[in-house]
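Take a look at the structure set out below.
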Amino acid sequence: MRILVLHGPNLNLLGHREESIYGTATLDTIDVSLIKLGEELGAELVIRQSNLEGELVNWIQEARRGYHGIIINPAAYTHTSIAIRDALAAVDLPTIEVHLSNIYRREEFRRHSYVSGVALAQISGFGAAGYLLALRGLCEQVSATGSKRSADGSASGSGAKPGAR
Ligand code: CA2
Numbered sequence: 000m001r002i003l004v005l006h007g008p009n010l011n012l013l014g015h016r017e018e019s020i021y022g023t024a025t026l027d028t029i030d031v032s033l034i035k036l037g038e039e040l041g042a043e044l045v046i047r048q049s050n051l052e053g054e055l056v057n058w059i060q061e062a063r064r065g066y067h068g069i070i071i072n073p074a075a076y077t078h079t080s081i082a083i084r085d086a087l088a089a090v091d092l093p094t095i096e097v098h099l100s101n102i103y104r105r106e107e108f109r110r111h112s113y114v115s116g117v118a119l120a121q122i123s124g125f126g127a128a129g130y131l132l133a134l135r136g137l138c139e140q141v142s143a144t145g146s147k148r149s150a151d152g153s154a155s156g157s158g159a160k161p162g163a164r
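The sequence shown begins at 0 in numbering that gives the first Met the number 0 and counts up one residue at a time.
Have a look at this one:
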């Protein structure tokens with residue numbers, strides 16, 4: 000099982016600024032714990048961070064070949080990016096949206112997500128642990144549905160689709 004993990008803009012600053020909101024874990028710490036859990040669950044992870052919307056869109060499109068699912072914290076693009084939403088809808092892979100903070104307890108502008116409507120699930124407010132919950136949930140979903148894509152990008156397996164799509 001191959002999973003793409005994407006971190007959006009400014010998440011490279013984690014653990015160095017705004018610890019009261021986002022916690023003390025650095026992005027490296029989060030990535031290491033994800034890779035460790037991935038090994039336990041039999042999932043190979045490819046993890047990337049970008050401050051650029053177009054780069055995130057390109058990586059989402061590339062996931063069409065050879066990936067079984069996506070975990071994404073789109074960060075501020077959650078609330079602005081129709082391009083990221085459209086890319087996720089186009090690749091049609093089970094996607095879990097993660098937020099470190101509870102976006103519904105913060106400013107009004109953070110309460111809307113363009114991504115949630117094309118995601119299988121959203122995890123918000125569990126801090127760094129949210130990524131691990133996302134990986135467990137996604138692995139269970141992929142195993143249960145047999146969802147996978149072949150090298151040419153065509154869907155195969157049981158043909159079952161995630162319920163939220
Ligand atoms: O809670 C989350 O994970 C967010 O996706 C984080 C975004 C924010 O725009 C979303 O509304 C919620 C911000 C990521 C910026 O991370 C920083 C980390 C340390 C210092 C400054 C920013």
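Each residue gets a CB set at the ideal place from its N, CA and C atoms; glycine is no exception.
Original post:
Counting pairs of beta carbons, one from the stretch 47-65 and one from the stretch 114-126, are three or more of them closer than 8 Å?
Top reply: no
Original post:
Who are E106's beta bridge partners in DSSP?
Top reply: The partner list for E106 (beta bridge, DSSP) is empty, contrary to what the question assumes.
Original post:
What residue does the beta strand (DSSP E) around E139 start on, and which one ends it?
Top reply: Note, E139: premise wrong, no beta strand (DSSP E); alpha helix (DSSP H) at A128 to T144.
Subject >> Beta-carbon proximity list for D27, same chain, < 7 Å, skipping 5 on both sides >> reply: none
Subject >> G124 versus N9: straight-line alpha-carbon distance, rounded >> reply: 18 Å
**OP:** Output the distance between the C-alpha atoms of G41 and R135, rounded to the nearest integer angstrom.
**Re:** 11 Å
**OP:** Could you name the residues whose beta carbon sits closer than 6 Å to any heavy atom belonging to ligand 1, keeping them in chain order?
**Re:** N9, L10, L12, L13, R16, E17, Y21, N72, A74, A75, T77, H98, L99, S100, I102 and R109
Original post:
Is the beta carbon of G129 less than 8 Å from the beta carbon of T94?
Top reply: no
**OP:** Name, in chain order, the residues that DSSP records as bridge partners for A120.
**Re:** I95
Subject >> Endpoints, the beta strand (DSSP E) within which V45 is located >> reply: From DSSP, the beta strand (DSSP E) with V45 extends over E43 to Q48.
**OP:** Taking the CB atoms as reference points, tell me whether I2 and L44 lie closer together than 8 Å.
**Re:** Taking 8 Å as the cut-off, the beta carbon of I2 is found closer than this to the beta carbon of L44.
**OP:** State yes or no: is the C-beta of Y21 within less than 8 Å of the C-beta of L55?
**Re:** no
**OP:** Let me know the secondary structure DSSP gives A163 once reduced to three states.
**Re:** Summary for A163: the model assigns pLDDT 34, below 50, so the residue's position carries little reliability, and this model does not support an answer.
**OP:** Round the Cβ separation of A133 and I29 to the nearest angstrom and send it over; I've been treating them as touching at under 8 Å.
**Re:** The Cβ separation is near 11 Å, so there is no contact.
Subject >> The beta strand (DSSP E) enclosing R1, as first and last residue numbers >> reply: R1 to H6
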